[in-house]
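Here is the structure we will look at.
Numbering (this note's numbering), first residue to last: 9 to 431.
Written as structure tokens, this is what we have:
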């Protein structure tokens, strides 16, 4: 960086001029003639004697803001006017960013935009040519990863994992992480695009809406088949049995459909979306209502799971999968970043054991990438965490803690274990 300020140790007289170059500052007589070079000292014309080198200048202060603040008010707090102005500007900027990140109603209550691409037929018979797009921080995308794995659809439905970009969009880049035991972000394996928005834009007629995950892409038709997570897991559960490695597993048996729907109607608004209603609330009233709904529902679930292994009895269902992907992120992210601070999940013994039970089902743990999840929330959600500082992982959230015995098999009515066949 060029030093373009006057040297404080050099007096300025009436008959001398201070000349500043890229390398040093010097005081010379203006009646003589000089030339300069950014890489050389000043040389006087017709003067055989070489100039004396100037002493090296100290590097500029890297923390310019600290220097300015120290000059203005030393070690004391900034003036009240500055604090008020900064707070007003930040509040206005925060409201603007939140309106784009998390749309709300007139009361400040977060309202999740509906998915645009839906499917209604979950009993397809023809082998599909689909590709699944997900992002690891997203609990909605995590649902699809779990059902895809449990049903043995890894080869039938290829996968691309996007990373959250600094602007909040989903992008594809090589993470450089090679870990066969965990899913990791990478490149677009279907279309070779740089961002998920580009993939959406490949469909006929283009697309200018929100590019969200999960998204099921029809490779042959170059079309978005679905970007609603629950539709995708229903399709994976019952629509692809012809090509599934584990077609016997049914996560939504007809005999339990009523109970599954009943649990979903409670869990989705109060827990799945409830944590987002807490974190994205734009008024105190909206936050208070959301956090009350969330913990009231967690209390109900804690009581229910005291005598029931899963939500619908002895059988793992889609309702359990949907609840699990929120619970596994609760102490990692939502308790801190989304202000869901009344209790940690670790303080609910039945819910915490239930979460460990599902985590230990074969193939489920491989769909969890805790560091990628934390990075995706703490580093990207700038309005909620402007400093992008990622906290240390809680001790109860790591693989070792989640792999401890849960003893919930004793709750099965016939003392039987859930069998999930890995093929």
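Just so it is clear, CB atoms sit at the ideal spot from N, CA and C, and this is done for glycine as well.
Just so we're clear, the structure is a prediction, and the values are computed from it rather than from any experiment.
**Q.** Given residue 363 as reference, the closest of 218, 161, 72 and 405 once Cα atoms are compared
**A.** Along the chain shown, read from residue 1 onward, the residue named residue 363 stands at position 355. For residue 363, the nearest C-alpha among the options comes from 405.
Exercise. Starting from residue 231, trace the beta strand (DSSP E) both ways and give me its first and last residue.
Key: For this step, residue 231 is matched to residue 223 along the chain shown. Taken as a continuous stretch (DSSP letters only), the beta strand (DSSP E) holding residue 231 covers 231-234.
Spatial neighbours of residue 117 in its chain, beta-carbon cut-off 6 Å, leaving aside the 5 residues before and after: Stepping through the chain shown from its first residue, residue 117 is reached at position 109. Within the same chain, 294 come within 6 Å of residue 117 by CB-CB distance, once the 5 residues on both sides are set aside.
(request) Measure the CB-CB distance between residue 168 and residue 198 and report whether it falls below 7 Å. (result) Within the chain shown, numbered from 1, the residue matching residue 168 stands at position 160. Within the chain shown, numbered from 1, the residue matching residue 198 stands at position 190. Yes, the Cβ-Cβ distance between residue 168 and residue 198 is below 7 Å.
Per-residue DSSP class, three states only, for residue 196
Along the chain shown, read from residue 1 onward, the residue named residue 196 stands at position 188. Residue 196 falls in the coil class under three-state DSSP.
Residue 190 versus residue 74 - alpha carbon distance
For the purposes of this step, residue 190 is taken as the residue at position 182 of the chain shown. For the purposes of this step, residue 74 is taken as the residue at position 66 of the chain shown. Rounded to whole angstroms, the separation of the alpha carbons of residue 74 and residue 190 is 43 Å.
Burial state of residue 240 (16 or more Cβ within 10 Å) | Mapped onto the chain shown, residue 240 falls at position 232. By the neighbour-count criterion, in which a residue is buried when 16 or more other Cβ atoms sit within 10 angstroms of its Cβ, residue 240 is buried.
Counting only beta-carbon separations shorter than 7 Å, does residue 113 have a partner in chain B? As a matter of chain content, chain B is missing from the structure shown, which is built from one protein chain.
- Using a threshold of 7 Å, state whether the C-beta atoms of residue 166 and residue 139 are closer than that. As a first step, residue 166 is located in the chain shown; it is residue number 158 there, counting from the start. As a first step, residue 139 is located in the chain shown; it is residue number 131 there, counting from the start. Less than 7 Å divides the Cβ of residue 166 from the Cβ of residue 139.
* To do: Could you spell out the range, first to last residue, of the alpha helix (DSSP H) harbouring residue 357?
  => Locating residue 357 in the chain shown gives position 349, where the first residue counts as 1. From DSSP, the alpha helix (DSSP H) with residue 357 extends over 357-367.
Where do the ends of the alpha helix (DSSP H) carrying residue 244 lie?
Residue 244 sits at position 236 when you count from the first residue of the chain shown. Start and end: 237-246.
- Ordered list of beta strand (DSSP E) runs contained in the stretch 108-175, each at least 3 residues: 138-143 and 167-172, all fully within the stretch 108-175.
**Request:** Count the other C-beta atoms from every protein chain shown that fall within 10 angstroms of the C-beta of residue 72, then say buried if there are 16 or more, exposed otherwise.
**Result:** Residue mapping note: residue 72 aligns to position 64 of the chain shown, counting from 1. Under this definition residue 72 is an exposed residue.
Count the other CB atoms within 10 Å of the CB of residue 237; is the residue buried (16 or more) or exposed (fewer)?
Along the chain shown, read from residue 1 onward, the residue named residue 237 stands at position 229. So residue 237 ends up on the buried side.
Apply the 10 Å Cβ neighbour rule to residue 265 and answer buried if 16 or more other Cβ atoms are within range, or exposed otherwise. The residue you call residue 265 lines up with position 257 of the chain shown. Of the residues assessed, residue 265 falls on the exposed side of the cut-off, its CB having fewer than 16 other CB atoms within 10 angstroms.
With burial defined as no fewer than 16 other Cβ atoms inside 10 Å of the residue's Cβ, what is the status of residue 150: buried or exposed? Within the chain shown, the letter at position 142 stands for residue 150. Classification of residue 150: buried, given that the 10 Å Cβ count is 16 or more.
Whole-angstrom C-beta distance between residue 348 and residue 392, which should lie under 8 Å:
Within the chain shown, residue 392 is the residue found at index 384, counting from 1. Within the chain shown, residue 348 is the residue found at index 340, counting from 1. With a contact defined as Cβ atoms closer than 8 Å, residue 392 and residue 348 miss out at about 12 Å.
Touch test, the stretch 375-382 against the stretch 328-346, Cβ-Cβ under 8 Å, three pairs minimum: Contact between the stretch 375-382 and the stretch 328-346 is present, because at least three Cβ pairs lie under 8 Å.
Subject >> Nearest-angstrom Cα separation, counted from residue 336 out to residue 359 >> reply: To locate residue 359, count along the chain shown from 1; it is residue 351. To locate residue 336, count along the chain shown from 1; it is residue 328. Taking the straight line from one Cα to the other gives about 10 Å.
*asked:* I want to know whether the stretch 220-236 touches the stretch 192-212 - three or more CB-CB distances under 8 Å.
replied: Verdict: yes, contact present.
Handout entry: Limits of the unbroken beta strand (DSSP E) element including residue 410
Key = Within the chain shown, numbered from 1, the residue matching residue 410 stands at position 402. Premise fails: residue 410 lies in the alpha helix (DSSP H), 407-410, not in any beta strand (DSSP E).
Checklist line | Terminal residues of the alpha helix (DSSP H) in which residue 382 lies | finding: Within the chain shown, residue 382 is the residue found at index 374, counting from 1. Here the alpha helix (DSSP H) through residue 382 covers 378-386.
- [ ] Can you tell me which of 92, 202, 282 and 389 puts its alpha carbon nearest to the alpha carbon of residue 181?
- [x] Position 173 of the chain shown, counted from the start, is the residue given in the question as residue 181. Of the candidates 92, 202, 282 and 389, the one whose C-alpha sits nearest the C-alpha of residue 181 is 202.
- prompt: Thinking C-alpha only, which one of 308, 398 and 207 is nearest residue 229?
  reply: To locate residue 229, count along the chain shown from 1; it is residue 221. Considering only alpha carbons, the answer is 207.
(request) Just mark residue 292 as buried or exposed, buried being the case when its beta carbon has 16 or more other beta carbons within 10 Å. (result) Taking the chain shown and counting its residues from 1, one reaches residue 292 at position 284. Answer is exposed; the Cβ neighbour count stays below 16.
Proximity to residue 313 [Cα-Cα], best of 411, 365, 215 and 390:
Position 305 of the chain shown holds residue 313. If you compare the alpha carbons of 411, 365, 215 and 390 with that of residue 313, the shortest gap goes to 365.
If you check the beta carbons only, do residue 333 and residue 145 fall under 7 Å apart?
Residue numbering aside, residue 333 sits at position 325 when the chain shown is read from its first letter. Residue numbering aside, residue 145 sits at position 137 when the chain shown is read from its first letter. Not closer than 7 Å, so no.
Practice item. Select from 192, 255 and 217 the residue whose C-alpha is nearest the C-alpha of residue 156. Key: By one-based count along the chain shown, residue 156 stands at place 148. Nearest to residue 156 by alpha-carbon distance, out of 192, 255 and 217, is 255.
Notebook entry, point to check: Is it true that the CB of residue 275 sits closer than 7 Å to the CB of residue 331?
Noted result: In the chain shown, residue 331 corresponds to position 323, counting from 1. In the chain shown, residue 275 corresponds to position 267, counting from 1. Taking 7 Å as the Cβ cut-off, residue 331 and residue 275 qualify as a contacting pair.
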